[in-house]
Structure formats: C-alpha cells, structure tokens
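Report on one structure; see the data block that follows.
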Amino acid sequence: MNPEECCESGCVPCVRDRDGEEPLDLMNYIGGEFVPHSNDDWLNVLEPATGYRFARAPLSGEGDVESAVNAAISAKRSWGELSLGERSSWLDRIADCLESKFEEIAALESRDTGKPIALARSVDASRSVANFRFFAELLREQEEEEFEMPDATNYVVTKPVGVGALITPWNLPLYLLSWKVAPAIGMGNTVVCKPSELTPMTADLLMRVVDEVGLPKGVVNLVHGNGVGAGAPLVGHPDVDLVSFTGGTSTGEKVAQSAAPSFKKVSLELGGKNASIVFADCDIGPTVDGVVRAAFLNQGQVCLCGSRILVERPVFEDFKAMFVDSVERMEIGDPSDEATELGALISRDHLEKVQGYVDLAKNEGGTVLTGGEPCLPSEFEHGNWMAPTVIEGLSHQSRCATEEIFGPVVTLHVFDSEEEAIEMANATRYGLAGSVWTSDLERGKRVSSSMETGMVWVNTWLHRDLRVPFGGVKDSGVGREGGRWSLGFFSEPMNICVKHD
Numbered sequence: 077m078n079p080e081e082c083c084e085s086g087c088v089p090c091v092r093d094r095d096g097e098e099p100l101d102l103m104n105y106i107g108g109e110f111v112p113h114s115n116d117d118w119l120n121v122l123e124p125a126t127g128y129r130f131a132r133a134p135l136s137g138e139g140d141v142e143s144a145v146n147a148a149i150s151a152k153r154s155w156g157e158l159s160l161g162e163r164s165s166w167l168d169r170i171a172d173c174l175e176s177k178f179e180e181i182a183a184l185e186s187r188d189t190g191k192p193i194a195l196a197r198s199v200d201a202s203r204s205v206a207n208f209r210f211f212a213e214l215l216r217e218q219e220e221e222e223f224e225m226p227d228a229t230n231y232v233v234t235k236p237v238g239v240g241a242l243i244t245p246w247n248l249p250l251y252l253l254s255w256k257v258a259p260a261i262g263m264g265n266t267v268v269c270k271p272s273e274l275t276p277m278t279a280d281l282l283m284r285v286v287d288e289v290g291l292p293k294g295v296v297n298l299v300h301g302n303g304v305g306a307g308a309p310l311v312g313h314p315d316v317d318l319v320s321f322t323g324g325t326s327t328g329e330k331v332a333q334s335a336a337p338s339f340k341k342v343s344l345e346l347g348g349k350n351a352s353i354v355f356a357d358c359d360i361g362p363t364v365d366g367v368v369r370a371a372f373l374n375q376g377q378v379c380l381c382g383s384r385i386l387v388e389r390p391v392f393e394d395f396k397a398m399f400v401d402s403v404e405r406m407e408i409g410d411p412s413d414e415a416t417e418l419g420a421l422i423s424r425d426h427l428e429k430v431q432g433y434v435d436l437a438k439n440e441g442g443t444v445l446t447g448g449e450p451c452l453p454s455e456f457e458h459g460n461w462m463a464p465t466v467i468e469g470l471s472h473q474s475r476c477a478t479e480e481i482f483g484p485v486v487t488l489h490v491f492d493s494e495e496e497a498i499e500m501a502n503a504t505r506y507g508l509a510g511s512v513w514t515s516d517l518e519r520g521k522r523v524s525s526s527m528e529t530g531m532v533w534v535n536t537w538l539h540r541d542l543r544v545p546f547g548g549v550k551d552s553g554v555g556r557e558g559g560r561w562s563l564g565f566f567s568e569p570m571n572i573c574v575k576h577d
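Count the sequence shown with this note's numbering and you get residues 77 to 577, in order.
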C-alpha cells in the first residue's frame, strides 16, 4: 500500500519500502532444509525505527506445523541416544559459529527490534553465544546420581522428554531463543521453534547456523507465523511433549489451557510489574544510575524492568530531581548510532498501547514530570518513538502502577517505613523481579525475602548468573529455567533400583 492510500485515521498501517530495496523473504526450516510455507500469505517485517519494510516472514499454518513436528519426531530417537558429551560438542559448534557472526547478530537485532546497536552487541549477541557455551559446559559436568540401600542401589538417570515447542517473544529474540534451544537439545530433545512474527530475523540466522554446522536433520526446526496460525497448533499438537513459552500473561493463559488436556510439561515466563525500592540510606548517585537503567533498558521492554519506583520520604525529592535529570539526558535516536541509549518501540500498536497508559495516568490524577508524548526524530518520522516518561502522584494501587505497560514509562511513589514499602511492592498480580537499594545489607536481604517475586537484586539490577533459577510467581509464570533448573525441565528423571545379590 502506498502512503497516499492509507486511511486518514491511521488504522491501516502503511507498508513502505526503501527505494531500490526488495524485502527479504524468509523460509521455514524443517527437517534440515529451508522450505517454503504451504500458502501464499506473508507477514511484513518492519523496522521499528523507520517503519520501512525490510523482510517478509511466512504466515504459516497447521500444515507447516505438522511437517515440523513430524521432522522432530523422526530425529528424536537417534538424537536422544547420543551421550551428553556428544551433544555438548554440538552446542560448542553452534556457539563457535554464532560467535563468527557476532556483528551480524547485533546489526540484525538492532534493525529488527529498534534497540540501540550498543545494547544489541553487549546484551543480545553476547548472551546468545554465552547461552550455548554455558549449557555445553553444564552438560559435561552432569553425573549420574546413586543412592545406596542396605540391599540395593538406586540410580537416577535422565531421559529426554521428547518433542519441545519453544515460543519466544520480540524483545530479546535470539537471547531468549538460544536460552531455550541450548538446554532443550542438550538434554536430548528435538524442538520446533516459533519466534515472534515481529522479530524473526535472528531466529532465521540461528537456523542458518544450525544448517552450517551440520546439526542432524530434524533436531531443530522453525516455523514462522503468528499465534493463531502457528503458535496455537504447535502448542496443541498431540505429539508435542513440552512447551517453553516466554511472553505476555494473557497469551500464557491460553498456552496453559491448550497444553493442559494432554498433560504437556509447561514452563511459562510471563509479565512483570517490578518494584525498585529505594531507601534513604542508599548511595544516591549510583542508585539513580541503577534505577534509570532498570527502568529504561531496551525502552522499558524487558519483563524485568523496574517500572514502579518506591522511594523513602527523606530522599524522595532529591531522588526525583536527580532521576528526572538523568532521564532527560538520555540519548534517543538512531539505533545504529553507538551513542544512542534509547531506541524505538517495537510496533505502532505497542506505541499506542503505551500512550494509552500515559493518558490513563493523567486521568487517574498523575503528573507527568517528563516525557509523556511520542518523540519523532526528524529522520525517523514513521517510526515508533516514545519519550522516556516519569509520572508521580498516582496511588500505588492505580492501574498504571499495577498493570504491565512494557514501555518507557515509570511511576514514582513515596513510602515511610520498611513495612509499607514491602506492602506496596507486593500490591500487584505479578511477581517476577525487584530490586532493593540500601547501604544496610541485612535490611536488603530481609526486604528481599519478604517480596513476592522470583528474583530480587540488592544494589544492582540484571546482574545475571546463568547458574541460578529464573522465573516468577503469581501471574508472572510457572516453573523455573536457568542452570540445572533448565536441565531438569527439559528432561525426565527415571529411577532404576537394582537389588544386590
């Protein structure tokens, strides 16, 4: 559609191609081959920063899912019979190949998601390689457990679950896909991947890597598409044995409902409405820096972001002034510029959702201290841009303070006691993560243990160790992944008891 043909209300998004640039047509990867999908329907892949189309992804259907699952079934016996050491070597080969494409990963991720190139390089590309290396090493460390009885020995052996459905979101595409693929195939499963239709590019790159290293056919398969056409048939397929899903809570509910009748193993990493608790005795300079990073990394489009900032009254005004000043000095603009700190939001629909919450905050009595409106750098007038937004004056029980916005919008709240801070932090349906900022480490640990979350950082944020469990409570998910928890989810323990003579 040409811009002139768009409806005046903007309800029909324009498809704009750069002069002389043809969009790249992606393909599914099934049974060790890149194959066309079974219909003529496509999904446009747009640059969030500019609105230009640069690729098309297949709008796959049930037939494509069936082919991918069948390919995974055909490979699962031979792949599952390999030793942990043999499979760990395959993970190392994938890591080596990914590392050779490090800059390509970063550039694709920045273009596909709208995030700054520096972030795509330091987080997305680095972690994607690290995930395969980490799980390769962890596999080599695994030992069979034995439990002695007076007249018998019990052996605990791990077996693959079978065929896994791995469904990943748009905010950290390869970071999270590699987080699932590595332990899944490392423990002997075969998988069908379904990346977000908004950000399919690095999933395609991973399939090129899998193909390049010669991974046995059918071990890793990929079907592009949306949730209705590809995601739902994949989750509900009777021959899929496990589902690992990262995404929104409402979609997670549907995944759980679909998987339940056949008793599939399910891991759900869902939304968050995380609190950053700032006590008066904190080192305020580093705390402001840390809380700004926690609030706005990746334009606030990270499930772990601290979007509720609770500040003890004696330092509230000083913290607020320093925080707003720091936010207003953030570099917003071209994602390909090394100096850029804040990029574009993922889509026009998401931008409108975030703007809707800012409007709601105003209606609820909130005061916008900075931001609150779309910002459009002149060279990116058709992109999805939102200024980082700080709001005060809302109740901690307001919708904007309890619902996940998933954008560059934070609310400030004041508290007078440790008990009040804990009560405010827990006043949400979510329970993914949080952070506590204080010079009293005993208080930091005490408050952390009282928070209804799966993870808490003290005087830091997103300080990740891949050996520890990752996941949330309440409406933030079911199960844990990371380290041995990932290996446990992607395997079935079996007890063999041998009677002594």
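A virtual CB, placed ideally from N, CA and C, is assigned to each residue, including glycine. Bear in mind that the values here come from a model prediction, so they are computed numbers and not experimental data.
DSSP places Glu-440 outside any beta strand (DSSP E), giving it a letter other than H or E. With 16 or more other CB atoms across the displayed protein chains lying within 10 angstroms of its CB, Phe-491 is buried. Burial is judged here by how many other beta carbons sit within 10 angstroms of a residue's own beta carbon; Thr-229 has fewer than 16 and is exposed.
Assigned with DSSP and collapsed to three states, Cys-173 falls in helix. Under the 10 Å beta carbon count, Cys-269 is surrounded by 16 or more other beta carbons and is classified as buried. Put simply, the stretch 126-141 does not touch the stretch 163-183. Fewer than three CB pairs are less than 8 Å apart. Note that the C-beta distance between Phe-566 and Arg-556 is not below 8 Å. Counting along the chain, no alpha helix (DSSP H) covers Ala-241; the unbroken beta strand (DSSP E) around it starts and ends at 239-243. Within its own chain, the residues whose Cβ lies closer than 6 Å to the Cβ of Ala-171, once the five positions on either side in sequence are excluded, are Val-205, Phe-208 and Arg-209, listed in chain order.
Counting only the Cα atoms, Ser-525 lies some 31 Å from Glu-213. Assigned with DSSP and collapsed to three states, Lys-396 falls in helix. Contact annotation, Val-367 with Ile-385: C-beta distance approximately 6 Å; criterion of less than 8 Å satisfied. Of the candidates Asp-365, Met-283, Val-354 and Gly-553, the residue whose Cα lies closest to the Cα of Glu-496 is Val-354. For Ile-181, there is no enclosing beta strand (DSSP E); the enclosing alpha helix (DSSP H) has its first and last residue at 178-189. Leaving aside the five residues that flank Thr-275 on each side, the residues in its chain whose CB is nearer than 7 Å to its CB run, in chain order, Asp-188, Thr-189, Trp-246 and Pro-249. Close CB contacts of Ser-136 within its chain, under the 7 Å cut and outside five residues either way in sequence, are with Asn-104, His-113, Val-299, His-300, Gly-301, Gly-305 and Ala-306 (chain order). Ranked by Cα distance from Arg-197, the first of Pro-411, Leu-563 and Gly-108 is Pro-411. A Cβ-Cβ contact shorter than 8 Å links Ile-408 with Leu-418. Within the stretch 122-175, the runs of alpha helix (DSSP H) that reach at least 4 residues and sit entirely inside it are, in chain order, 138-156. Counting only unbroken stretches of 3 or more residues, the beta strand (DSSP E) elements lying wholly within the stretch 469-527 are 485-491 and 510-513, in sequence order. For the pair of segments examined, the stretch 143-161 was found to touch the stretch 287-297: the number of CB pairs separated by less than 8 Å reaches three. Take the alpha-carbon of Ser-423 and the one of Trp-461: they are about 9 Å apart. Contact check for Met-263 against Ala-131 fails: the beta carbons are separated by 8 Å or more. Fewer than three beta-carbon pairs drawn from the stretch 339-348 and the stretch 358-372 are found closer than 8 Å, and the two stretches are therefore not classed as touching. The beta carbon of Gly-520 sits closer than 6 Å to those of Val-512, Thr-514 and Val-534, all from its chain and outside the five residues before and after it, given in chain order.
Per DSSP, Pro-450 lies in no beta strand (DSSP E) and is assigned neither H nor E. Listed as beta-bridge partners of Ala-351 by DSSP are Arg-384 and Gly-510.
Here Met-527 is buried. Its C-beta has 16 or more other C-beta atoms within 10 Å.
Residue nearest to Thr-416 within the set Asn-115, Leu-195, Val-111 and Arg-284 is Leu-195 (criterion: CA-CA distance). Apart from sequence neighbours up to five positions away, the residues of its chain that approach Ser-474 with a beta-carbon distance below 7 Å are Glu-440, ordered along the chain. Each residue's CA atom was taken as its position, placing Leu-160 and Phe-110 some 28 Å apart. The C-beta distance from Lys-177 to Val-285 rounds to 7 Å, short enough to fall under 8 Å. Contact between Asn-350 and Gly-510 holds: their C-beta atoms lie close to 5 Å from each other, under 8 Å.
Of Gly-156, Pro-314 and Asp-140, the smallest CA-CA separation from Asn-115 is found for Asp-140. Put simply, the backbone Cα of Val-257 is about 22 Å away from that of Ala-183. Apart from sequence neighbours up to five positions away, the residues of its chain that approach Pro-259 with a beta-carbon distance below 7 Å are Phe-211, Ser-562, Leu-563 and Phe-566, ordered along the chain.
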